[in-house]
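Chains X and B are the protein sequences, given in the same order. Under the numbering used here, the residue at position 101 of the first sequence is numbered 101, and the numbers go up by one with no gaps. Under the numbering used here, the residue at position 109 of the second sequence is numbered 109, and the numbers go up by one with no gaps.
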Amino acid sequence: MKKRVIPVLLGAVLAASACLMTACGGASANELTLVASTSTKEYIQKVCDAYNAQDPEVPVRPLYNANQDGFISAKKAPDLIFTNNLDAENKYHYVLEDLSPYIEAENFDTSIYYEDVIDSLYTSDGTIRGLPVTCNLSLLYYNKTMFDEYNEGKPKSEQLGYPDETWTLADFADACEKLTIKSGAGVAQYGAELTDNWWGEWLIYVRSYGGDFMNEDETDITLDSEAAKQGFEFMYDLLLSGHATRVANQFSAGEAAMLMGGHVGNWLSYNALEGFEWDVAPLPTLNKGERLATSEITADVYGISNTSRHKDAAWDFLKFLTGYEGQKIINETVSSVSCLKQIGQEKMQTERNERPNPQNLEAIYDVQLNYVKPLPTYRYFRTMHDNYVAPCVTRLFEGQYASAGSSAAEQVEAMVAEACADARNFMRNPS
Amino acid sequence: MQRRKLTHAERRETKLFFLFLAVPLAGLVLFYYLPAVMTLFQAFTNASGYVGVELEWNGIQNFVNVVNDPIVWESLGRTLVYAVTSGPVSLIVSLIVALLIATDVRGAKKFRFVYLLVFVLPGFALAALYKNLFDENYGLISSLLRDMGIRFGYNYSPTAMATVILTSFFTFGLKMLLFYVALLGVPVSYYEAAELEGASKWTRFIKITIPAISPVLFMNILLTIIDAFKAFDIMFLFGGENGDPAQSLMVFSLYLRKTAITGNNYGKGSAMAILYFFFLLILVGINMLLSKKYVNKDWD
Chain X
1 MKKRVIPVLL GAVLAASACL MTACGGASAN ELTLVASTST KEYIQKVCDA
51 YNAQDPEVPV RPLYNANQDG FISAKKAPDL IFTNNLDAEN KYHYVLEDLS
101 PYIEAENFDT SIYYEDVIDS LYTSDGTIRG LPVTCNLSLL YYNKTMFDEY
151 NEGKPKSEQL GYPDETWTLA DFADACEKLT IKSGAGVAQY GAELTDNWWG
201 EWLIYVRSYG GDFMNEDETD ITLDSEAAKQ GFEFMYDLLL SGHATRVANQ
251 FSAGEAAMLM GGHVGNWLSY NALEGFEWDV APLPTLNKGE RLATSEITAD
301 VYGISNTSRH KDAAWDFLKF LTGYEGQKII NETVSSVSCL KQIGQEKMQT
351 ERNERPNPQN LEAIYDVQLN YVKPLPTYRY FRTMHDNYVA PCVTRLFEGQ
401 YASAGSSAAE QVEAMVAEAC ADARNFMRNP S
Chain B
1 MQRRKLTHAE RRETKLFFLF LAVPLAGLVL FYYLPAVMTL FQAFTNASGY
51 VGVELEWNGI QNFVNVVNDP IVWESLGRTL VYAVTSGPVS LIVSLIVALL
101 IATDVRGAKK FRFVYLLVFV LPGFALAALY KNLFDENYGL ISSLLRDMGI
151 RFGYNYSPTA MATVILTSFF TFGLKMLLFY VALLGVPVSY YEAAELEGAS
201 KWTRFIKITI PAISPVLFMN ILLTIIDAFK AFDIMFLFGG ENGDPAQSLM
251 VFSLYLRKTA ITGNNYGKGS AMAILYFFFL LILVGINMLL SKKYVNKDWD
């Protein structure tokens, strides 16, 4: 009897702890659940409230800051799973319901979304695992005050207009030079802030010259193509010219006049800066009037868990969330890019000077959203980029490939050779 | 020999003993041993962050992948560099500081507080401070060095590790405190006798101080080894999950995390953890063997 006391005690404590760990959260019998983060909490709550106000058969309950992966692993997946277009292809592919049968059964019109956004959600096996909520795309960000200050006192012919859809990369480089203000041996203001520690900027230049990260069937890295090298060279030349800086956050600090690429997620912080007058323009093209799909597109999406007991109800809510009513609430609550054409059009109805920043919504909805291209869906894309490509790119911009008398082109050549050799070696046995 | 029968009071006390022991033991089992066993299990499977994928037995493939991964070796190399530079120097610095504040010099107590303050400050606050000092572009120290023609900073890949090593020299609080306490335990009479015999300060240090504090010295060496090889927070705070710039701060523990979490490869990450555990076990074992030989247990 005595000998049993200790194991029983230990067992009880273990069992109690295990119950405590698994008992919280998860789906219950007659409600839909979805996970929301701190950044999406506000609009998700509003959308859920609006949906529940319609008195649906199965109401929806958001789970804030909950561990979605933990729920899924514990076989308690929320009915609606939050992800993005890349993870819908890879990470969550096996737990997300294919939405094609729902779309076909109802003849659901997916053309209500921007075409490239919805296209980016179709996975390599032709299925669609989610519908878009918000999206991020690359744009040219600029500080209006710095442009105005440059133009002050100059005759019209010498003035520098705000960036627009006619700008080429040459125009961008020229503006960088003009907007750079030297101060003694240093620089008081740079033309642009460069970002080289992820693909956000250099991939734009690479694509502008006709190159890309990988080939079409995603079986090989193509950053050593001539086009890609020219893209890298353009960006490197910009740095070497002294008209751009690698120092982070110089655009928002008011130390750099432009930022190529950027992220929609930064709009909130930009708008929180007092007196910071900024706007956006479509990405400059290589040749005037020849626009290529150079911007990346990443969509935040919700999909339906394939273990959900309320799949039809989840589909109804998904349509509400990503449809007009849900999108209207979202876009009235946060500053973001809508994936829904109708919302985009409505936003542009407001007089330009009455819009909050960015005011040039035409640059987004009329131009750039039509020239986007998703990142590779290759399962190990992120690992390959982070481990083998990004370090080499950073070293290039640090000047680590520079040897006595070597030109920018030679340094770029050395960089892509190393990055691609390492990446190809990795692709032979990715793990 | 027949065991004596416990009295009622003794039986009650034993029960209470095990009851109190059960709670922390359950915590240990739940949060340390169980995850450790799961890690061992996962190391032989295809466990990944790709949720919903069926778990399959993978044999030793994860271990083969670890051995064949060039970044594993690079990150291990960086860890070794960090360990053999920051470890010994911080040990020496902490011993010197402990020797200084253990003296009877006026004001020594105030210095004790100053040095210990660094130990009390949270790592992220210190890292933020160091980042401001050693930012290649605008850091106070980096700017001074730049004026002298030296490019140095945590965000410049050739010098990033040197920056972190440099900052680790100043985080010696705990080791210094242990040395300090050990030094207080050395009888003053030994020094007086040695002085009368004409022993120099250096001889007194080598022949009296070192043997007297040798148990603490070896414990500090052990702590330093473990600290250095487990270095994660400082690298993460300086270089983020990628050990930026250009992976120059990608030490083994950081790469382990990146492989398992960001790379969604729990199997390989677990295999890395298992191999690293045995690697550290060997190092600790060597230290224990050396301590058996060199620690003076008869001192008193």
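Heads up, the beta-carbon is just placed ideally off N, CA and C, and yes, glycines get one too. Predicted model only: the values in this text are computed from it and were never measured.
Can you give the beta carbon distance from residue i to residue j, rounded, assuming they're within the 8 Å contact cut?
i	j	result
Leu-140 of chain X	Pro-356 of chain X	The pair is not a contact, with the Cβ atoms about 19 Å apart (cut-off 8 Å).
Asn-143 of chain X	Phe-251 of chain X	7 Å
Gly-267 of chain B	Ala-43 of chain B	6 Å
Ser-305 of chain X	Pro-78 of chain X	6 Å
Glu-413 of chain X	Cys-392 of chain X	In fact, because the Cβ distance is near 12 Å, the residues do not count as touching under 8 Å.
Met-258 of chain X	Gly-191 of chain X	6 Å
Is the beta carbon of residue i less than 9 Å from the beta carbon of residue j?
i	j	result
Leu-239 of chain X	Leu-194 of chain X	yes
Ala-173 of chain X	Pro-163 of chain X	no
Tyr-114 of chain X	Leu-396 of chain X	no
Ala-314 of chain X	Leu-80 of chain X	yes
Gly-239 of chain B	Leu-256 of chain B	no
Leu-292 of chain X	Gly-210 of chain X	yes
Pro-282 of chain X	Glu-165 of chain X	yes
Tyr-302 of chain X	Gly-70 of chain X	no
Ser-208 of chain X	Phe-234 of chain X	yes
Gly-254 of chain X	Val-187 of chain X	no
Ser-94 of chain B	Ala-228 of chain B	no
Gly-344 of chain X	Ser-338 of chain X	yes
Asn-197 of chain X	Pro-245 of chain B	yes
Ile-274 of chain B	Phe-31 of chain B	no
Met-432 of chain X	Ile-221 of chain X	The structure shown has nothing for residue 432 of chain X, since chain X only spans 1 to 431.
Leu-375 of chain X	Thr-307 of chain X	no
Leu-99 of chain X	Ile-128 of chain X	yes
Ala-182 of chain B	Pro-158 of chain B	no
Ser-138 of chain X	Val-389 of chain X	no
Ala-170 of chain X	Val-206 of chain X	no
Ile-213 of chain B	Gly-49 of chain B	no
Report buried or exposed for residue i, applying the criterion of at least 16 other Cβ atoms within 10 angstroms of its Cβ.
i	result
Ile-206 of chain B	exposed
Lys-156 of chain X	exposed
Trp-202 of chain X	buried
Ala-9 of chain B	exposed
Val-51 of chain B	buried
Phe-134 of chain B	buried
Asn-155 of chain B	buried
Ala-18 of chain X	Note that Ala-18 of chain X has pLDDT 48, beneath the 50 cutoff, so the model's placement of it is unreliable and the number below is only indicative. That one is exposed.
Asn-65 of chain B	buried
Asn-360 of chain X	buried
Arg-428 of chain X	exposed
Pro-62 of chain X	buried
Phe-179 of chain B	buried
Trp-278 of chain X	buried
Gly-139 of chain B	buried
Let me know the secondary structure DSSP gives residue i once reduced to three states.
i	result
Cys-339 of chain X	coil
Arg-207 of chain X	helix
Gly-59 of chain B	coil
Asp-227 of chain B	helix
Thr-33 of chain X	strand
Val-372 of chain X	strand
Val-295 of chain B	coil
Leu-137 of chain X	strand
Leu-358 of chain X	In the sequence on display, residue 358 of chain X carries Pro and not Leu. Reduced to three states, the DSSP call for Pro-358 of chain X is coil.
Asn-143 of chain X	strand
Pro-132 of chain X	strand
Tyr-380 of chain X	coil
Tyr-388 of chain X	helix
Tyr-122 of chain X	strand
Counting only beta-carbon separations shorter than 9 Å, does residue i have a partner in chain A?
i	result
Lys-268 of chain B	You won't find chain A in this structure, because its protein chains are X and B.
Sorry if obvious, but does the Cβ on residue i come closer than 8 Å to a heavy atom of the ligand SAH?
i	result
Tyr-162 of chain X	By its list of ligands, the structure shown contains no ligand whatsoever, and the ligand SAH lies outside what it can speak to.
request  = Give, in chain order, every unbroken run of the beta strand (DSSP E) that is at least 3 residues long and sits entirely within the segment 263–333 of chain X.
outcome  = 278–281, 295–304
message = Threshold first: 4 residues or longer. Then list the alpha helix (DSSP H) segments lying entirely within the segment 104–161 of chain B, N to C.
response = 108–120, 123–133, 140–147
key: Length at least 4, wholly inside the segment 40–85 of chain B: the alpha helix (DSSP H) runs in chain order   = 61–68
ask   = At what residue ranges does the segment 46–102 of chain X contain a whole run of the beta strand (DSSP E), taking only runs of 3 or more?
value = 60–64, 80–84
ask   = In chain order, which continuous runs of the beta strand (DSSP E) of length 3 or greater are located wholly inside the segment 205–261 of chain X?
value = 256–261
key: Runs of alpha helix (DSSP H) wholly within the segment 152–196 of chain X (minimum 4 residues, chain order)   = 169–179
Length-filtered (4 minimum) alpha helix (DSSP H) runs lying within the segment 164–244 of chain B = 173–184, 188–196, 201–204, 210–230, 233–239
ask   = Can you give, in chain order, each stretch of the alpha helix (DSSP H) that sits fully within the segment 250–286 of chain B and has at least 4 residues?
value = 252–257
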